[in-house]
Amino acid sequence: MEQMTDLKAILHSKRANIYYLEKCRVMQKDGRVLYLTEAKNENQYWNIPIANTTCLLLGTGTSITQAAMRMLAQAGVLVGFCGGGGTPLLMANEIEWLTPQSEYRPTEYLQGWMQFWFDDHKRLQAARQFQYARIRFLRQVWRKDRDLKTEGFDSSHSDIEQALNHFEQKIQSVRKVSDLLQTEALLTKQLYKFAARHTGYGDFTREREAVDIANTFLNHGNYLAYGLAATALWVLGIPHGFAVMHGKTRRGALVFDIADLIKDALILPWAFICAKENMSEQEFRQQCLQAFTDHKALEHMFNETKNVALTTEWQESQS
């Protein structure tokens with residue numbers, strides 16, 4: 010029990026690391042979780058700081074031992090199996106991720122979620138709250154991040170300000186979740202167009218199956234965001250199936266709802282910037298993880314999810 014407590018000394022909202030591994034073996038050795046890579050002349054071991062890690066993506070050519078999984082569970086690290094480059098997710102429990110089941114989870118956030126989720130109007134109100142939070146975060150990041158502003162991603166830009174203001178007006182006027190989804194898709198399309206123009210990317214069409222570098226980076230970055238979202242929901246004890254926007258055909262869609270809080274602000278601009286600079290997937294991944302840390306993306310997810318879980322009913326009564 011003392012070991013389990015030590016492994017969870019760092020709150021999930023403050024953890025810094027997401028790992029994507031391929032062509033290696035993950036194992037437990039001398040009380041640590043390591044991954045082993047095979048070289049021509051010798052094998053190399055690398056340590057994974059599990060107490061400061063939120064999730065682990067295992068790509069092509071990987072295996073993991075039962076002892077390593079036990080330690081990862083004790084540290085509260087989520088594990089998912091995926092294809093090359095971190096996408097797509099291939100196998101996971103709890104919809105998106107293998108989640109530790111050996112401990113108690115808080116119930117207050119699930120109880121708060123259930124108070125509004127079965128009411129269509131209240132669920133729409135919750136979806137609106139998430140969209141407002143999404144816009145606030147984008148404005149905050151694009152206003153403060155010097156690197157993004159250098160590349161032209163500035164929330165004070167007239168095109169961005171106009172698009173965000175229009176979206177905020179539409180949020181309150183929509184009467185169905187499907188209408189909110191359509192409005193949100195139009196905003197994202199405008200942001201793609203803005204990003205492609207300001208990075209000189211040329212014509213761009215968002216297609217998940219496309220092989221151009223910007224689409225590839227967007228897919229990769231989105232799965233990193235899904236890892237953060239799945240971590241936040243698991244810690245708060247809210248099942249992934251209780252989505253407020255997505256989820257008509259995907260029972261794990263609450264992960265997508267939460268990930269949307271940060272995708273436009275962080276993943277979208279860096280996908281185009283890194284594509285312009287012809288970075289590798291590893292370099293892009295490191296840039297995303299640094300952006301998550303700099304702007305406290307996981308903490309933002311926790312705060313907004315808890316806010317919706319506990320205050321939706323109150324806010325609706327005031328509207």
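First residue of the sequence shown: 10, per the numbering used here; consecutive thereafter.
C-beta atoms are modelled at their ideal positions from N, C-alpha and C, and glycine is treated no differently.
Option nearest residue i by Cα separation, candidates the options
i: H207; options: I27, H166, V183; result: H166
i: G89; options: T71, V253, H255; result: T71
i: F125; options: C297, A284, S164, V253; result: V253
i: N26; options: T46, I59, D269; result: I59
i: K38; options: K32, K185, I19, M78; result: M78
i: L307; options: E292, I73, E218, K272; result: K272
i: Y54; options: T69, V35, T62, T63; result: V35
i: R215; options: A234, D303, L195; result: L195
i: L30; options: H304, A142, Q291, M310; result: Q291
i: F162; options: L189, Y201, E177, H175; result: Y201
i: M288; options: D221, Y235, N231, E47; result: D221
i: T302; options: I19, K23, L16, F293; result: K23
i: F281; options: A241, S187, N228; result: N228
i: T69; options: A82, M80, T63, K32; result: K32
i: D128; options: V186, G92, K305, I169; result: V186
i: K17; options: N61, R41, Y28; result: N61
i: Q178; options: R137, D168, T197, I19; result: R137
i: A172; options: T192, A48, R132; result: T192
Neighbourhood of residue i by C-beta distance below 8 angstroms, restricted to the same chain and skipping five residues each side
i: K315; result: Y118, L245
i: I73; result: R34, V35, M36, L67, V88
Own chain partners of residue i with C-beta closer than 6 angstroms, once the 5 adjacent residues on each side are dropped
i: G121; result: A318, L319
i: S164; result: R148, W151, R152
i: A5; result: Summary: the structure shown does not reach residue 5, with the chain confined to residues 10 through 328, and so no result is reported for it.
i: T240; result: H21, T63, C64, L87
Own chain partners of residue i with C-beta closer than 7 angstroms, once the 5 adjacent residues on each side are dropped
i: H255; result: A262, F265, D266
i: E313; result: F139, A142, L270
i: A300; result: L275, W279
i: K285; result: T208, G209, Y210
Whole-angstrom C-beta distance between residue j and residue i, which should lie under 8 angstroms
i: I57; j: L43; result: 7 angstroms
i: L237; j: M310; result: 6 angstroms
i: I180; j: L190; result: With 8 angstroms as the limit, I180 and L190 do not qualify as a contact, their Cβ atoms being about 12 angstroms apart.
i: F226; j: F293; result: 5 angstroms
i: A204; j: L277; result: 6 angstroms
**OP:** Note down, one range per segment and in chain order, each alpha helix (DSSP H) of at least 4 residues found wholly within the segment 251-288.
**Re:** 263-271, 277-285
Original post:
What alpha helix (DSSP H) runs, 4 residues minimum, are completely inside the segment 148-172?
Top reply: 155-159
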